[in-house]
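Under full-length UniProt numbering, think of the first position of the sequence shown as 1, with each following residue one higher.
All residues carry an ideal CB built from backbone N, CA and C; glycine is no exception.
Keep in mind the model is a prediction, meaning the values are calculated, not measured.
Here the structure is laid out as structure tokens; the discussion comes afterwards.
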Amino acid sequence: MRLEVIARDEAGAPDVFVHYSAIDGHGYRTLEEGQAVEFEITEGAKGPQATNVRAR
Numbered sequence: 001m002r003l004e005v006i007a008r009d010e011a012g013a014p015d016v017f018v019h020y021s022a023i024d025g026h027g028y029r030t031l032e033e034g035q036a037v038e039f040e041i042t043e044g045a046k047g048p049q050a051t052n053v054r055a056r
């Protein structure tokens with residue numbers, strides 16, 4: 001299992017955890033470092049997490 005973190009553009013905003021299953025797409029779901037994405041934030045069991053992650 002690979003864990004990803006999204007760094008947010010907003011100054012001082014904390015990074016957000018994203019599980020590979022939250023990445024929209026087919027095949028191997030992964031993010032490239034520096035890749036621009038859009039996402040929603042939901043409250044998970046361990047804090048905020050990204051959902052509905054898609055490339056911009």
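- Task: Would you decide whether V53 is buried or exposed? Buried here means 16 or more other CB atoms lie within 10 Å of its CB.
- Result: buried
- Cβ-based burial, V16 [other Cβ within 10 Å; buried from 16]: buried
- Distance CB(E4)-CB(Y20) smaller than 8 Å: yes
- CB-CB under 7 Å to V37, same chain, minus the five flanking residues each way: which ones, in chain order? I6, L31, V53, R54, A55 and R56
- Residue from D9, E33, H26 and A22 with nearest C-alpha to A50: A22
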